[in-house]
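S.K.: Here the sequence shown stands for residues 1 to 633, where the numbers follow full-length UniProt numbering.
By construction, the Cβ of each residue, glycine as well, lies at the ideal position given by its N, Cα and C atoms.
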Amino acid sequence: MTVRSDQTPSVSWEPLPTFSKSFQPRKDATAVSLQYGKFLVLGGQTVQKKSRQDDQEATYNGTTKTQLLEWNMRRTLPWPSLQDARFGAAAVNYNDESLWVFGGANDEGRVLGSVEGFSLQSHHNPQWTWTLAPQPLPTPRVYAAAVAVPTEHAVLIVGGRNNSWQELNTMEWGQLLFDTDEQVDVVTISWTTLNNLNSLLPGPRMGCAAVMLNETSLVVMGGYDGRSWQKTCHMYEFSMGHVVEGIWKDLPDMIETVRFPKAVRYYKYLLVVGEKEESPLAPTSTTIIQCYDSDQRQWVWSKTCAECPSPVDVISLHGNHLYAFGAANAVAGVTTDKEMKKSASIFTCGLSTLDPRMVRASLPSVTAIAPAAADDDAPTIVAMEAVLVPEDESSSFKPPAKAAAARRGTIIAEPTEVSIKLRHVVKIKLSERSYYTGQLRRKDGTYVPHGQGLLVWVEEDKDDLDALRQSTNSVNNPPPSSYYKGQFLNGFRHGLGEMYLQVEDKHYFGAFEYGSWEGMGSLKIRSRGFSFFGQFATGEMTGNGRCSYRVRVGDLWKQKTYSGGFSRGLAHGKGVIADYLTGRIEEDREFKEEDLFGLGALAGTPSIMGSGTPTPQQQQQQQQQQGSNNVDV
1 MTVRSDQTPS VSWEPLPTFS KSFQPRKDAT AVSLQYGKFL VLGGQTVQKK SRQDDQEATY
61 NGTTKTQLLE WNMRRTLPWP SLQDARFGAA AVNYNDESLW VFGGANDEGR VLGSVEGFSL
121 QSHHNPQWTW TLAPQPLPTP RVYAAAVAVP TEHAVLIVGG RNNSWQELNT MEWGQLLFDT
181 DEQVDVVTIS WTTLNNLNSL LPGPRMGCAA VMLNETSLVV MGGYDGRSWQ KTCHMYEFSM
241 GHVVEGIWKD LPDMIETVRF PKAVRYYKYL LVVGEKEESP LAPTSTTIIQ CYDSDQRQWV
301 WSKTCAECPS PVDVISLHGN HLYAFGAANA VAGVTTDKEM KKSASIFTCG LSTLDPRMVR
361 ASLPSVTAIA PAAADDDAPT IVAMEAVLVP EDESSSFKPP AKAAAARRGT IIAEPTEVSI
421 KLRHVVKIKL SERSYYTGQL RRKDGTYVPH GQGLLVWVEE DKDDLDALRQ STNSVNNPPP
481 SSYYKGQFLN GFRHGLGEMY LQVEDKHYFG AFEYGSWEGM GSLKIRSRGF SFFGQFATGE
541 MTGNGRCSYR VRVGDLWKQK TYSGGFSRGL AHGKGVIADY LTGRIEEDRE FKEEDLFGLG
601 ALAGTPSIMG SGTPTPQQQQ QQQQQQGSNN VDV
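1) Which stretch, first to last residue, makes up the beta strand (DSSP E) that contains Asp579?
2) Taking 8 Å as the limit between beta carbons, can you name the residues of its chain near Lys592, skipping five residues before and five after?
3) Tell me which residues share the same chain as Pro563 and place their Cβ nearer than 7 Å to its Cβ, disregarding the 5 neighbours each side in the sequence.
4) Reducing DSSP to helix, strand and coil, say where Glu594 ends up.
5) Can you check DSSP and say which residues form a bridge with Gly174?
6) Could you tell me which residues DSSP pairs with Phe532 in its beta bridges?
7) So what does Val255 bridge to, in DSSP terms?
8) Hey, quick one: how far does the beta strand (DSSP E) through Pro78 stretch, first residue to last?
9) Checking 7 Å against the spacing of the C-beta atoms, do Val92 and Trp100 come in under that value?
10) So does the region 198-213 actually touch the region 223-236, counting three or more Cβ pairs closer than 8 Å?
11) So the candidates are Ser98, His153, Leu176; which of them puts its Cα closest to the Cα of Pro136?
12) Could you tell me which of Arg493, Val458, Thr139, Asp588 sits nearest to His450, measuring between CA atoms?
13) Less than 7 Å between CB atoms is the rule here; does Gly104 satisfy it with respect to chain D?
14) Can the beta-carbon of Pro80 be found less than 7 Å from the beta-carbon of Trp130?
15) Does Arg550 pass the burial test, meaning 16 or more other C-beta atoms within 10 Å, or should it be called exposed?
16) Please state whether DSSP places Tyr94 in a helix, a strand or coil.
17) Smallest Cα separation from Gly569: which of Phe536, Leu581, Thr561, Lys558?
18) Work out the CA separation of Leu156 and Thr170 for me, nearest whole Å.
19) For residue 637, count neighbouring C-beta atoms within 10 Å of its own C-beta (all shown protein chains included) and say buried if the count is 16 or more, exposed if not.
20) Using the rule of at least 16 other Cβ atoms within 10 Å of the residue's Cβ for burial, across every protein chain shown, is Trp128 buried or exposed?
21) Within the same chain, show all residues whose beta-carbon is closer than 8 Å to that of Gln24, passing over the 5 residues directly before and after it, in chain order.
22) Compare the beta carbon distance of Leu501 and Gly486 with 7 Å and say whether it is the shorter of the two.
23) Do you know offhand how far Trp299's Cα is from Lys558's?
24) Specify, as a first and last residue, the run of the beta strand (DSSP E) that Tyr562 falls within.
25) Among Ala154, Phe509, Gly554, which has the Cα closest to the Cα of Gly521?
26) Taking the beta strand (DSSP E) that Leu168 belongs to, which residues open and close that run?
27) Could you give the distance in angstroms between the alpha-carbon of Gly104 and the alpha-carbon of Gly583?
28) Roughly how many angstroms separate the alpha carbons of Trp301 and Leu596, rounded to a whole number?
29) Short check: CB of Phe325 to CB of Phe39, under 7 Å?
30) With DSSP as the reference, identify every bridge partner of Leu99, one or two as the case may be.
31) Where does Pro449 fall in DSSP's three states?
32) Report the residue from Gly565, Gly598, Tyr580, Leu599 whose alpha carbon sits nearest the alpha carbon of Arg589.
33) Could you pull out every residue in the same chain whose Cβ sits closer than 6 Å to the Cβ of Asn196, ignoring the five residues on either side in sequence?
34) Per DSSP, Arg441 is paired with what?
35) Let me check one thing: in DSSP terms, what residues is Phe512 bridge-paired to?
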């Protein structure tokens, strides 16, 4: 799914209500985004109270304090403090399982190489504390960038400054080595410095932005090279398992030069927010947001955001809204605790909504999507329950009279006609055990999921319908029951999407084709300690890929990896088995449909599928499955 590129998205920033006075503002803090609209602010420097003499400048002290901000609840919550006081550190949220803080500097100006970890799994962190990792960074760094690479169980640290406060042009690759029982509790980090000729950054950088465009492509934007702030952009491409052998490619320069940029991926777009490079004598600083189209390989627009905090410590996407958080304004005029509090706030802007009439493919398997009904048509949807939900939360759209009761949340007991505009999202109850929230289009006299949406259902042996009803209010926060969130084509799951099957404990993210897992994707089965990234065909692991799995050795469980060929969920073709912790190769040979993982053939076809006209391949599958793949819309 892609946003409309023929118009500039709305980027009017609005401040959210201020937080409680318990928030401690600070400069040069580190911040990470968590699930469900939360920011975690780590370390930084807090202002020391100055005397009433106006000519005395304020001083700053490093802090270990960490605070959790919930922008949706407008509140600040305490969080365990870091082990070391640090500012200018890099941090990542690794797969919503653990948090990691790398390097930074202390009050004496000493650049740190220490690494702290925090498990978000309570049963692996009963004391709920930060832990110093036994393996520090090979090169101490401050003002570096960090990204998580979950498909490789690793993190990448980019650039920064060293102990001499000189800009670096190297990267650190940290392989996270997990406990052999469950892939949650990290026991060690294996560091590799990427300093060969091909992997060196095109130039020294500190304060740059870094984001993963896909599983094997890192994009680095801007930064300071020791002389001036840059607007150059570069992409580091590597193959799975061979990050050291990657190569750099030049990308078009950003439209504007910004200081300390922050970046996030939004479908095929990269959004970059940073402080505009201006004269030191300027009374105020200006925040700029820029958009890069990875398909067109060009920057498509740049907008000034005068209301947004500057500098920005972290940006985060929730649905089609971008949130920016700044813990303190670092310009010269801000010297008092009172003034710092003014800039410790979160701002939001609405991006272009996803229009079903302007949808085009982001995956090669999708060639075209027919346009939906025109805006001036008001189609009729017959459903057991319907609730109108405008895509743009700031929309002034007024629902038709027939939909007024549904919009207020009234459950319609009998099938009722509800008139809506197709440019809006509708929530409908498809059956007693399934709900759909998303976009629709007319097909064969009825309306089927088409565009972006969320399908939620409960398996036959589960009884949590009340939780299901209460959990489908937002496409962006899927419920704990089974769900599919992503693209639909004529009623089928088709395009890029995410699926969770509750009974089988399968979590899949990747490409779909007419309801089946098809193309590149990742699959996790946490209860079995199994994860896979690679190619799928007709819902099964088929092609090339890499997986991590558990095997029982005596009374212990041992984690292994397999890289190579797959066929129908089994190891097939040339492949390598290695020890997960040490990387030592145990087998390197030809495999013939061998079940190494103890899972059998992993069929990806779930119990609930979208309706629509199937392909010949899908017709054959449906006949074999006796039509069990259709949703009754």
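M.R.: According to the structure data:
1) 570-579
2) His572
3) First, the amino acid is wrong: residue 563 is Ser here, not Pro. Closer than 7 Å at Cβ, skipping near neighbours: Gly241, Arg546, Gly575, Val576.
4) strand
5) Val155, Trp191
6) Leu523, Cys547
7) The question names Val, yet the displayed sequence has Ile at residue 255. Paired residue(s): none; Ile255 is not in a bridge.
8) 75-79
9) yes
10) yes
11) Leu176
12) Arg493
13) Of the chains in the structure shown, none is chain D; there is only one protein chain.
14) yes
15) buried
16) strand
17) Phe536
18) 11 Å
19) Residue 637 is absent from the structure shown; the chain starts at 1 and stops at 633.
20) exposed
21) Thr46, Thr63, Lys65, Gln67
22) no
23) 47 Å
24) 556-567
25) Phe509
26) Careful: Leu168 lies outside any beta strand (DSSP E) and carries neither H nor E.
27) 30 Å
28) 50 Å
29) yes
30) Asn93, Phe118
31) strand
32) Gly565
33) none
34) Val448
35) Gly495, Trp517
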